[in-house]
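As they're listed, the protein sequences go chains S and Y. Our numbering puts the first residue of the first sequence at 1, with every later residue one more than the last. Our numbering puts the first residue of the second sequence at 1001, with every later residue one more than the last.
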Amino acid sequence: HTKLLQLLTTKSE
Amino acid sequence: LVSAVLTPKQLIERIMEAEPPDIYLLGDIKRPLTEAGVMMSLTRLADKELVHMISWAKKIPGFVELSLLDQVHLLECCWLEVLMIGLMWRSVDHPGQLIFSPDLCLSREEGSCVQGFVEIFDMLVAATARLRELKLQKEEYVCLKAMILLNSNMCLSSSDDGEGGDSGGDGEIKGRSRLLHLLDSVTDALVWVISKTGLTYRQQYTRLAHLLMLLSHIRHVSNKGMDHLHCMKMKNMVPLYDLLLEMLDAHIMHSS
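What follows is the structure, encoded as structure tokens:
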């Protein structure tokens, strides 16, 4: 789940 | 826990603010409609919506305080249900049609060009009619959607992690109790919303029951939809986009 993890761990704006 | 210090009113405000924007397909669907054309549009839209769904989940108070593994599991389990309840909400004032996005609305006949889709279409339309009948309010809708997320893997065996030795460990018990606590906060918020409607006590708790019973239908349609999407993938009928593909594969893996 690369993309999901990436989206979950990036700080939102 | 963030959710523990919020009143039901504050929690509703936060969940309302978390709502994703309208997502547009952008780019007309090719007419006459073909099976491949419709599937391409629907999967492209779903992929876009999934990206916004991750941001939405992160804005649900308490969600990011769960372990990363719990966050992943919850989203992998519920994503199609969340897409579907959103679709129903958008379609609630359009009997017989499904409003996939402001620029993609399909009638039953148009949906029927995709093999096996019309059964799912009918189930979605019927569930949408039930929302209309219940006169679902936006505050109730956002609570139900958050409940779908938090409840999605409640009955999933923890050995699905592939780490059987760890099951029942301290961290896992804490994670589960956090999740239950969060779910209770959202339940309190939904009960509060219903209590504002001026219904009698009996009407309030029957409404709560009716709203929660919707969730079993949504889970059912989602399972049907997941099987359908999986079949379409096997037939190479759809270009599945990266996040959508990842979420579909995870779901197939969990359920097998």
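For every residue, glycine included, the Cβ atom is placed at its ideal position computed from N, Cα and C.
| query | result |
| --- | --- |
| If you drop the 5 nearest sequence neighbours on each side, which residues of the same chain put their C-beta closer than 6 Å to that of Cys1105/Y? | Gln1097 and Ile1099 |
| Does Gln1097/Y have its Cβ less than 8 Å from a Cβ in chain S? | no |
| Rounded to whole angstroms, what is the Cα-Cα separation between Leu8/S and Leu1066/Y? | 12 Å |
| If you draw a straight line from the alpha carbon of Leu1068/Y to that of Ile1054/Y, how long is it in whole angstroms? | 12 Å |
| Would you call Pro1102/Y buried or exposed, if buried means 16 or more other Cβ atoms sit within 10 Å of its Cβ? | exposed |
| Residue range of the alpha helix (DSSP H) that Lys1143/Y falls in? | The question names Lys, yet the displayed sequence has Cys at residue 1143/Y. Lys1138 to Asn1151 is the extent of the alpha helix (DSSP H) around Cys1143/Y. |
| Just to check my reading of the structure: His1230/Y and Leu1244/Y have Cβ atoms closer than 8 Å, yes? What is that Cβ distance to the nearest angstrom? | Rounded, the Cβ-Cβ distance is 12 Å, inconsistent with contact. |
| How is Ile1060/Y classed by DSSP in three states: helix, strand or coil? | coil |
| Where does Ile1023/Y fall in DSSP's three states? | coil |
| So, with DSSP's three-state summary, where would you put Gln1071/Y? | helix |
| I'd like to know whether the C-beta of Asp1161/Y is nearer than 8 Å to at least one C-beta of chain S. | Low local confidence applies: a pLDDT of 47 at Asp1161/Y is under 50, so the model's placement there is unreliable, with the coordinate-based value given in what follows. Chain S, which has no Cβ nearer than 8 Å to the Cβ of Asp1161/Y, makes this no. |
| Val1072/Y CB to nearest chain S CB: under 8 Å? | yes |
| From Leu1150/Y to Leu1179/Y, what distance separates their C-alpha atoms? | 7 Å |
| Using a Cβ cut-off of 8 Å (strictly closer), state whether Val1051/Y contacts chain S. | yes |
| Using only alpha-carbon positions, find the residue among Pro1061/Y, Ala1250/Y and Leu1240/Y that is nearest to Ala1004/Y. | Pro1061/Y |
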